[in-house]
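Only one structure is covered here, and it is reproduced in the block below.
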Amino acid sequence: MIQHIRGLFHILTFMKLLSFKTTVLVDILLKSKTNYLNGEGLYPMRINKIAVLLLAVTLLQFGCAQKRTKVTVEPKLSEKQQEVLTKIQENETQRTDKIKKDLKDLFPEAGTCPIDSSKVDPESDQGKLDMALELCKLSQDLWEDGDKEGAIKVLDDAFSLVLSVSNEDDDPDIEQQKDDLRFLISKRILEIHTSRLRTTKGLSNAIPLSINKYVKKELELFQGKNKPFFLAAYKRSGMYRPMIVRQLKKAGLPEELSWLPLIESGFKVRALSRARALGLWQFIPSTGYKFGLKRNVWIDERLDPEKSTKAAIAYLTELHEIFGDWSTVLAAYNCGERTVLRAIDRQKVNYLDNFWDLYRMLPRETARYVPKFIATLLIVKNPEKYGFQLGEPDKPIPYETVVVNKQMKLSDIAAALGVDPDVMMTLNPSLRYGVTPDTDFKLKVPKNYGQVLLAKLNEIKVWTPPKPKVTKRTRYASRRGYIKHKVRRGEHLSLLAKRYHTTTKAIKRLNRLRSNRIMVGQVLKIPVGRAYVKSHKKRKVRTRRYVVKRGDTLWEIARRFKVSVSALRRINRLGSNCLYIGQVLRIPSSG
Numbered sequence: 000m001i002q003h004i005r006g007l008f009h010i011l012t013f014m015k016l017l018s019f020k021t022t023v024l025v026d027i028l029l030k031s032k033t034n035y036l037n038g039e040g041l042y043p044m045r046i047n048k049i050a051v052l053l054l055a056v057t058l059l060q061f062g063c064a065q066k067r068t069k070v071t072v073e074p075k076l077s078e079k080q081q082e083v084l085t086k087i088q089e090n091e092t093q094r095t096d097k098i099k100k101d102l103k104d105l106f107p108e109a110g111t112c113p114i115d116s117s118k119v120d121p122e123s124d125q126g127k128l129d130m131a132l133e134l135c136k137l138s139q140d141l142w143e144d145g146d147k148e149g150a151i152k153v154l155d156d157a158f159s160l161v162l163s164v165s166n167e168d169d170d171p172d173i174e175q176q177k178d179d180l181r182f183l184i185s186k187r188i189l190e191i192h193t194s195r196l197r198t199t200k201g202l203s204n205a206i207p208l209s210i211n212k213y214v215k216k217e218l219e220l221f222q223g224k225n226k227p228f229f230l231a232a233y234k235r236s237g238m239y240r241p242m243i244v245r246q247l248k249k250a251g252l253p254e255e256l257s258w259l260p261l262i263e264s265g266f267k268v269r270a271l272s273r274a275r276a277l278g279l280w281q282f283i284p285s286t287g288y289k290f291g292l293k294r295n296v297w298i299d300e301r302l303d304p305e306k307s308t309k310a311a312i313a314y315l316t317e318l319h320e321i322f323g324d325w326s327t328v329l330a331a332y333n334c335g336e337r338t339v340l341r342a343i344d345r346q347k348v349n350y351l352d353n354f355w356d357l358y359r360m361l362p363r364e365t366a367r368y369v370p371k372f373i374a375t376l377l378i379v380k381n382p383e384k385y386g387f388q389l390g391e392p393d394k395p396i397p398y399e400t401v402v403v404n405k406q407m408k409l410s411d412i413a414a415a416l417g418v419d420p421d422v423m424m425t426l427n428p429s430l431r432y433g434v435t436p437d438t439d440f441k442l443k444v445p446k447n448y449g450q451v452l453l454a455k456l457n458e459i460k461v462w463t464p465p466k467p468k469v470t471k472r473t474r475y476a477s478r479r480g481y482i483k484h485k486v487r488r489g490e491h492l493s494l495l496a497k498r499y500h501t502t503t504k505a506i507k508r509l510n511r512l513r514s515n516r517i518m519v520g521q522v523l524k525i526p527v528g529r530a531y532v533k534s535h536k537k538r539k540v541r542t543r544r545y546v547v548k549r550g551d552t553l554w555e556i557a558r559r560f561k562v563s564v565s566a567l568r569r570i571n572r573l574g575s576n577c578l579y580i581g582q583v584l585r586i587p588s589s590g
């Protein structure tokens, strides 16, 4: 009951910020509340979700009705409601002037105001819509800066401007712009309101620590054969967890999520799964790319603890907006939201009150994921109870960043600075081969070593790929067109192509590779010399022309000219054996 009243309170407060000129939303909400209290209400789902959807529909319907409805039916208002509406109507005439003044204050310099009065009259319908659009852009900036109250206030002004557009000439362009702006403002308000509710939910006890047979089983495994793994992962957690906790607090998410990398990767930055998921948070390439993690020959940002943490928070936030409870969110983080949604669909119900009803329908690895995480939280909260002595975790390495755009080995940089090469590798795990790229890169160095690096930057030699050694096998390689190369750690196709003066395409073709992925220890044939190039040049095929006549078939034409049907189809790029009269075919010469 308290939760439903709190949901109504959120929406009523939100209405006050919007300052609507109608009581439609009030009447709907009050009617819903009365029905619920009388036992005629909706199924007791989360009222804030219903209210948010109701708000979106009301905003859109209300906006569209302003243009099309000329006759209004006065609702029966209470004295307090009438007093509020009267006050709003008295202030309505001052809204446009106040907005203009706000815009002038925001853009005081000449030429910076978003509305060019020499081209558009601010009093015209188009001028008002342009001002409303600029206010929407301003609200986005305010929201990104963390000023949610200011962002809602600016959207309120933008919505009032849209409502003040009369469009007496029935201009379809103006009408379309009004509808687009209504939708944009409604969507933005819902996003801000949702982020408000999410932030208030970011409490330390937001993840339910329920103990059942599945959690007990994972606790027994941690107390048994997995205990060394747990202790080692806990020790490594000190390197990264303080940073993760800061990011979670900033995003308003539960701090317990900072222990998720213990389950994902054991707090190993370079952990790689069978599914090619990489890093602390175990992103596969496609999901990492979706959340802004770049990947190229030299850099893989899935290995960067800070950037991957920001991406993980964005992903968890998105999942929480979809599912609403953290247990389901964690399952979706492990196996993907589509897998969880399909499991929900198979339940043939519209709402999940209990994650453990869904538990048995998830893949086995995912089903263990959530109880394993809960078991981790139980142990770190009370280690003595479960027979653990966790000890002191590792300390983070203080660092500062220096922007470099020169290819250098981290070992050479470490030697120039007089620091341990392992420290440089730990600070810069996103460098796939321990070499900085030739573009701008923020290199992390130990604290107080930034100026030292800048002073010695010119002294550090530029790294270049090593040239292949001339051996007995390479001396005669041109006879057969290739040499054999055993792949070593850190090598990739582009590097090998550059080293042996060939192309990645040629290496893939000779080794029949479907992708650029190669494994350490794999033996590759590397094309070298003229023999390979000559043998792979495309030969020109001599052909003759033939015009298809009535009764011809591809099989008969192939037999007549002593060629195969597949050769005819290939050289003429035919998708089937169908021919038509008058079609010109190229016939390969048999001579």
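In numbering that gives the first Met the number 0, the protein residues as written are 0 to 590.
Even glycine gets a Cβ: it sits at the ideal position worked out from N, Cα and C.
For clarity, every value in this text was computed on a predicted model and none was experimentally measured.
Top-ranked residue by Cα proximity to residue i, from the options
| i | options | result |
| --- | --- | --- |
| serine 429 | Ser285, Ile298, Tyr579, Val214 | Ile298 |
| lysine 248 | Thr308, Ala276, Ser236, Ala270 | Thr308 |
| isoleucine 283 | Cys334, Asp155, Ala505, Asn447 | Cys334 |
| lysine 548 | Leu584, Ser575, Ile570, Arg558 | Leu584 |
| isoleucine 570 | Ile580, Ser588, Arg559, Tyr579 | Ser588 |
| aspartate 178 | Asp169, Val161, Asp168, Glu190 | Val161 |
| isoleucine 210 | Met518, Leu495, Val369, Thr503 | Val369 |
| leucine 416 | Pro465, Met424, Asp393, Val444 | Val444 |
| leucine 495 | Arg511, Val546, Pro465 | Pro465 |
| lysine 497 | Thr463, Gln521, Arg487, Leu512 | Thr463 |
| tyrosine 314 | Val339, Gly287, Thr338 | Gly287 |
Cβ pair residue i, residue j closer than 8 Å
| i | j | result |
| --- | --- | --- |
| leucine 329 | leucine 208 | no |
| threonine 327 | leucine 279 | no |
| leucine 553 | valine 562 | no |
| phenylalanine 290 | alanine 270 | no |
| proline 241 | proline 395 | yes |
| isoleucine 373 | valine 214 | yes |
| leucine 426 | threonine 435 | no |
| isoleucine 188 | isoleucine 243 | no |
| aspartate 437 | lysine 405 | yes |
| leucine 509 | tyrosine 385 | no |
| serine 236 | leucine 261 | yes |
| methionine 238 | aspartate 419 | no |
| isoleucine 206 | lysine 147 | no |
| isoleucine 517 | histidine 491 | yes |
Residue i versus residue j - alpha carbon distance
| i | j | result |
| --- | --- | --- |
| tryptophan 142 | asparagine 166 | 31 Å |
| glutamate 364 | alanine 331 | 12 Å |
| glutamine 388 | glutamate 399 | 34 Å |
| valine 401 | valine 461 | 17 Å |
| arginine 572 | glycine 433 | 47 Å |
| leucine 446 | asparagine 225 | Here the sequence assigns lysine to residue 446, which means leucine is not the residue at that position. If you take the alpha carbons of lysine 446 and asparagine 225, they lie about 36 Å apart. |
| glycine 550 | asparagine 515 | 49 Å |
| tyrosine 233 | glutamine 139 | 40 Å |
| proline 526 | alanine 276 | 32 Å |
| proline 171 | serine 159 | 20 Å |
| lysine 507 | arginine 301 | 26 Å |
| glutamate 133 | threonine 501 | 54 Å |
| tyrosine 439 | leucine 292 | As written in the sequence, residue 439 is aspartate, which differs from the tyrosine given in the question. So the two alpha carbons sit approximately 16 Å from each other. |
| arginine 487 | arginine 511 | 20 Å |
| serine 123 | leucine 183 | 21 Å |
| glutamate 391 | leucine 230 | 10 Å |
Buried or exposed by the 16-neighbour rule on C-beta atoms within 10 Å, applied to residue i
| i | result |
| --- | --- |
| arginine 544 | exposed |
| proline 304 | buried |
| cysteine 135 | buried |
| lysine 212 | exposed |
| aspartate 411 | buried |
| tyrosine 42 | Confidence in tyrosine 42 is poor, its pLDDT being 32 and thus under 50, which makes the residue's placement too unreliable to answer from. |
| aspartate 155 | buried |
| arginine 181 | buried |
Opposing strand residues paired with residue i [DSSP bridges]
| i | result |
| --- | --- |
| tyrosine 398 | Pro445 |
| phenylalanine 440 | Val403 |
| threonine 542 | Pro587 |
| lysine 177 | Beta-bridge pairing links lysine 177 to no other residue. |
| proline 526 | Tyr481 |
| aspartate 299 | Arg294 |
| leucine 277 | Leu271, Phe282 |
| valine 328 | Looking at the DSSP assignment, valine 328 forms no beta bridge with any residue, so it has no partner. |
| lysine 497 | Note: lysine 497 sits in no beta bridge, so no partner. |
| lysine 408 | Val434 |
Any non-hydrogen atom of the ligand COA within 7 Å of residue i CB
| i | result |
| --- | --- |
| serine 272 | Judged by which ligands are present, the structure shown has none, so any question about the ligand COA falls away. |
Min CB distance residue i to chain C below 8 Å
| i | result |
| --- | --- |
| leucine 340 | This model lacks chain C altogether; it includes just one protein chain. |
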